[in-house]
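S.K.:
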Amino acid sequence: MNHKKLPKTGIIIENLVKRYGTFTAIDNISLEVNAGQIFGFLGPNGAGKTTTIKILAGLLKPDTGNVLINGYNLAEEPVMCKLHTGHIPDRPFLYEKLTGDEFLRFIASLYNLSTETFEKNVDRLLTLFDLTDWQDHLIESYSHGMRQKLIMTSAFMLETPTIIVDEPMVGLDPKSARIVKELFKNHARTGGSIFLSTHSLEVAEELCDRIAIILNGRIKTVGDMESLRKEASLETSDLEEVFLELTEAEELTEVIEALKNMD
Amino acid sequence: MSTLRYGTRRTLLLPMLLSAKNRFFPTGSFPIKSIGVGIFCLVLCTVIFNVTLRVITYFHAQDELGVILSLKIFQMAWILIFVMLIFSCMVSAVSSVYLSQDNEIVFSAPITTPELYFMRYISNTIYTSWMMIIFSLPLFASYGIVFHTPPLYWLLMVITLVSMACSATCFGLLVTVILINIFPARHTKDIILYLSLCFGVLILFLIRLLKPEDMVYFDKYGFLIDHLSKISKPAAPYIPAGWAANFLSLYLLDLEIDWLLLGLILLTPFALYFLGEGAMKMWFFPGYSKSQESFGGNTKFGKKRKYLPNTWQWVFSKEFKIFARDSSEWSQLFMIAALVVIYLYNFKLLPIERASFSEEFITNLIAFLNIGLAGFIITSLSARFVFPSIGAEGGAFYHIRSSPLSIRRFLMYKFLFYVIPFTFLSLTLIIISNRILHIEGPMWWISFLINLFITWTVVALGLGFGAVYADFKTENKTVTMGSMGAVMFILTATALQVVIIFIGANPVYRIVRRWLNDHVLNLSDLYFLTAWVLISIAISLGLVIYYFRKGINMLGNS
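If you read the protein sequences in the order shown, they are chains E and A.
Mapping of the first sequence onto the working numbering: position 19 corresponds to residue 19, and the numbering continues sequentially without gaps.
Mapping of the second sequence onto the working numbering: position 328 corresponds to residue 328, and the numbering continues sequentially without gaps.
#1: Tell me, which residues are paired with residue 18 (chain E) by DSSP?
#2: Are any of the Cβ atoms in chain A nearer than 7 Å to that of residue 144 (chain E)?
#3: Taking 7 Å as the CB-CB cut-off, is residue 26 (chain A) touching chain E?
#4: Tell me which same chain residues have a C-beta within less than 8 Å of the C-beta of residue 103 (chain E), skipping the five on either side of it?
#5: Are the CB atoms of residue 113 (chain E) and residue 309 (chain A) within a distance shorter than 7 Å?
#6: Quick one: which chain E residues come within Cβ less than 7 Å of residue 405 (chain A)?
#7: Give the secondary structure of residue 221 (chain E) by DSSP, where H, G and I count as helix, E and B as strand, and everything else as coil.
#8: If you draw a straight line from the C-alpha of residue 424 (chain A) to the C-alpha of residue 27 (chain E), how long is it?
#9: Kindly say whether residue 188 (chain E), judged by its beta-carbon, lies nearer than 7 Å to any beta-carbon of chain C.
#10: Where DSSP assigns a beta bridge to residue 64 (chain E), which residues make up the other side?
#11: Output needed in chain order: residues of the region 33-65 of chain E with a Cβ under 7 Å from some Cβ in chain A.
#12: According to DSSP, simplified to helix, strand and coil, what is residue 162 (chain E)?
#13: Going by C-alpha distance, which of A:52, A:95, A:521, A:417 is nearest residue 77 (chain A)?
#14: What residues in its chain sit with their C-beta under 8 Å from that of residue 115 (chain A), if we drop five residues either side in the sequence?
#15: Taking a cut of 9 Å between CB atoms, which residues from the region 102-133 of chain E lie near chain A?
#16: Run through the DSSP bridge pairs and tell me what residue 72 (chain E) is partnered with.
#17: Please identify, using Cβ separations under 9 Å, the residues of the region 431-463 of chain A that lie next to chain E, in order along the chain.
#18: For chain A, find out if any of its Cβ atoms is closer than 7 Å to the Cβ of residue 79 (chain E); answer yes or no.
#19: How is the beta strand (DSSP E) around residue 213 (chain E) delimited, first residue to last?
#20: Name the chain A residues that come within less than 8 Å of residue 264 (chain E), Cβ to Cβ?
#21: Mind pulling the chain A residues with CB within less than 7 Å of residue 87 (chain E)?
#22: For residue 516 (chain A), which residues from the same chain have a beta carbon less than 6 Å from its beta carbon, with the 5 sequence-adjacent residues on both sides left out?
#23: Rounded to the nearest angstrom, what separates residue 519 (chain A) and residue 548 (chain A) at their Cα positions?
#24: What does the alpha-carbon distance come out to for the pair residue 1 (chain A) and residue 169 (chain A)?
#25: Just tell me which of E:119, E:84, E:12 has its CA closest to the CA of residue 52 (chain E).
#26: Please decide whether residue 305 (chain A) counts as near chain E, where near means a Cβ-Cβ distance under 7 Å.
#27: In whole angstroms, give me the CA-to-CA distance for residue 109 (chain A) and residue 394 (chain A).
#28: Identify the contact partners of residue 196 (chain E) in chain A, using a Cβ-Cβ distance below 8 Å as the criterion.
#29: With 16 other CB atoms within 10 Å as the buried threshold, where does residue 377 (chain A) fall?
#30: From A:117, A:439, A:551, pick the residue whose C-alpha is nearest to that of residue 389 (chain A); which is it?
#31: Strictly below 7 Å CB to CB, what residues from chain A border residue 68 (chain E)?
#32: Taking DSSP as the reference, what is the three-state secondary structure of residue 99 (chain E)?
#33: Leaving aside the five residues before and after residue 35 (chain E) along the sequence, list all residues of the same chain whose C-beta is less than 8 Å from its C-beta, in chain order.
#34: Please report the straight-line C-alpha distance between residue 24 (chain A) and residue 31 (chain A), rounded to a whole angstrom.
#35: List the whole-angstrom C-beta distance separating residue 100 (chain E) from residue 198 (chain E), where the pair is believed to meet the contact cut-off of C-beta under 8 Å.
#36: Can you find at least 3 beta carbon pairs, one from the region 256-268 of chain A and one from the region 144-163 of chain A, that sit closer than 8 Å?
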């Protein structure tokens, strides 16, 4: 199957709600990620980012609301949605007793990836991530960064039109981080969409076309950098200032001052 | 400073103590699980106590030879428990001292090697010996009742048991610390595992070759005592377990306390503790450092072949490779092989000629009951291999869940992967045992087909329960085997087999009796048999579908 030929209409999230017992992790959020767009999803710890990502990846069932991925409804056609989605989690859980190459073949088979696409992409990506010499070693001997790079390789080799990423740069060296950024940009340039959750405001500022900030399970604001600055009334500030302003972390200034005065 | 150091020792035990507290007495909820486990242990202890009490009382009723035989078993039990504790401690010590996930936090903290040793010693002693202590207490206590000892025996028994547990842990830790300096940690773990398995296999064969069924024949006691003496005598005087056995035997027989043996029993754990601490000071850091270097190794695997998209083939391949590359998994096959040999050997030793019924009737009856026995073996092995296979996916299970492969299909592939070897095993058990029993005619086919059907059902149930009770955080499959889910699976699968055999007894009896008498099959008997088969299929399918669906739902929402 050539995923490049699939319709690329991005992601639509409508009135999504997820509760854990009495705690509402996601409270009626609606978002839209267009094809060819890198969408940043920011928020403080516990705001609901990972829950949203897990729902989009088909790992968690929402209580109410709809998710459409490339035109398919996640609740009604989960297999088609997953076929169109690559998922890069924040923690690289892998099968320790498989080699890198075996792991990639296993994942490719799960997605029924064609032999041509597999062979075309895997060698290129392994070379890009300096994993060629390690592909026949057991994953249990990989470092954290190598595992993360292997996950990246598995996600990009699939050529899915949509990629969902949770904290992409954790454990990556500067060279690999640069490569990943370029891969993301290239994916968007060729019409793919990326939903990216990150704590790194530099990454978000550099990569994302649009950014949503989530706080206590609700979308605080959505827009490009310019509109976010306007909303925070900080026309010349960087994303960090904007983020702190919009996530109501004003008290942080006092904390920083107190820390500066500590001997 | 010394206060701070003692404080550190207490602090080092906090993770273990608090984890245990949170596990058994969770804040804000009634500890129903802990109470359940407590009741289960109590029931099991009562059963062990009553069975041992009856056996020892029976021996005593025979003659002086019976008393000697019971004391020989007493000595052998002490030696076995001691050696098992050492092996169990060694396997646990490699993981907890060198490969544990909390090592990076603990070893980078400002604590001394003796403090570390203290921490690992206490946790290893508790983890590896609590079960042995609890379940051997009723065993040894029953001797006190039969020998009419005063309450002092109970105190001496508890002291001796705790001392043995401490000595075994110290010795196990000491040997492990030395071995890690010779081999890399993972290889040491494998070596200890193989040794433990060899020991387990040896014990199985020793016990089987002892022919315990001969214990009901008084004329064979002489042979048994001779046999037991050969096994336990040469080692006994030189190991702590021998001191424990001799010390308590003397008290049981003459109510005398051998102060030298008591001194040895009390002082050995301390002597071994300080020896272990010394070894730890000398060799721990080089060994730990080496265990970090040996992570994974540089072994390369496999030659590259052309990639072809084939989901089921790759799921099979993944399962097989993970199994074949994990020594703690495939090495269990030796134990299974030993069990199969002993299982089949039992049929050779059956005293069929002593039975009052016709030999043909008895062999057919055994073949029918053998369906349940073989089924129980399949159930136990499913609890060990099939049930934990879903949870064993660990964190990596999200690859399956976020892929287009549905959980239903994934479970089906898993089922096919496990059902093939299990079918082979169950057919081996049934066909060979039927051959040993000279079974022919309808009983051969009944036992063959029903066993096949039970095997498939049990494997499917194992997967269904495994999906419902999947624990993706457990690192050790053996631990999963003792979980609530595994117990529920074993109980359900066993109950199902009991029901199948119970309701099948009458139809099978009618068919077999007519066949043995006249070598013909009657149509009405066949109706009964068909009804039994259909009811069994309906019950089994109902259970499998229910637990598969429940498992798919649970995995989908986990």
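We put the beta carbon where it would ideally sit given N, CA and C, even for glycine.
M.R.: Checking against the coordinates, here is how it stands:
#1: Paired residues: E:26.
#2: Judged by the 7 Å Cβ criterion, residue 144 (chain E) is not in contact with chain A.
#3: No, because no Cβ of chain E sits closer than 7 Å to the Cβ of residue 26 (chain A).
#4: The beta carbon of residue 103 (chain E) lies closer than 8 Å to those of 94, 95, 139, 150, 154 in the same chain, with the five residues before and after it left out.
#5: In contact: residue 309 (chain A) and residue 113 (chain E) (Cβ atoms closer than 7 Å).
#6: Against chain E, the beta carbon of residue 405 (chain A) has neighbours under 7 Å at 110, listed in chain order.
#7: Correct three-state label for residue 221 (chain E): strand.
#8: A straight-line Cα-Cα distance of about 53 Å links residue 424 (chain A) and residue 27 (chain E).
#9: Going by chain labels, chain C is absent from the structure shown, which instead holds the protein chains E and A.
#10: According to DSSP, which records beta bridges pairwise, residue 64 (chain E) is partnered with E:17.
#11: The residues in question are 57, 58, 59, 61.
#12: DSSP places residue 162 (chain E) in strand when its eight states are reduced to three.
#13: Of A:52, A:95, A:521, A:417, the residue nearest in Cα terms is A:52.
#14: For residue 115 (chain A), the CB contacts under 8 Å within the same chain, skipping 5 residues up- and downstream, are 5, 8, 9, 12 in chain order.
#15: Correct list: 102, 103, 104, 105, 106, 107, 108, 109, 110, 111, 112, 113, 114, 115, 118, 119, 122.
#16: As computed with DSSP, residue 72 (chain E) is found in a beta bridge with E:69.
#17: Listed by position, the residues of the region 431-463 of chain A near chain E (Cβ gap below 9 Å) amount to none.
#18: Yes, its Cβ sits closer than 7 Å to a Cβ of chain A.
#19: Here the beta strand (DSSP E) through residue 213 (chain E) covers 210-215.
#20: Chain E is shown only over 1 to 263; residue 264 (chain E) falls outside these bounds and no answer can be derived.
#21: Simply 402.
#22: Same-chain partners within the cutoff: 360.
#23: In this structure, the alpha-carbon of residue 519 (chain A) lies about 42 Å from that of residue 548 (chain A).
#24: Residue confidence is low: residue 1 (chain A) scores 39 on pLDDT, short of 50, so the model does not pin down where it sits. No coordinate-derived value is stated.
#25: The candidate whose alpha carbon is nearest that of residue 52 (chain E) is E:12.
#26: The beta carbon of residue 305 (chain A) does not come within 7 Å of any beta carbon belonging to chain E, so the residue lies off that interface.
#27: In a straight line, the C-alpha of residue 109 (chain A) is about 29 Å away from that of residue 394 (chain A).
#28: Residues of chain A whose Cβ lies closer than 8 Å to the Cβ of residue 196 (chain E) do not exist, since the nearest Cβ in that chain is about 16 Å away.
#29: Residue 377 (chain A) comes out buried.
#30: Residue A:551 holds the alpha-carbon nearest to the alpha-carbon of residue 389 (chain A) among A:117, A:439, A:551.
#31: Those do not exist, as residue 68 (chain E) stays about 17 Å from chain A at its closest Cβ, beyond 7 Å.
#32: Of the three classes helix, strand and coil, the one that applies to residue 99 (chain E) here is strand, per DSSP.
#33: Only 8, 9, 10, 161, 191, 192, 193 meet the Cβ criterion.
#34: Taking the straight line joining both Cα atoms gives about 6 Å.
#35: About 25 Å; that fails the 8 Å criterion.
#36: Yes, the region 256-268 of chain A touches the region 144-163 of chain A.
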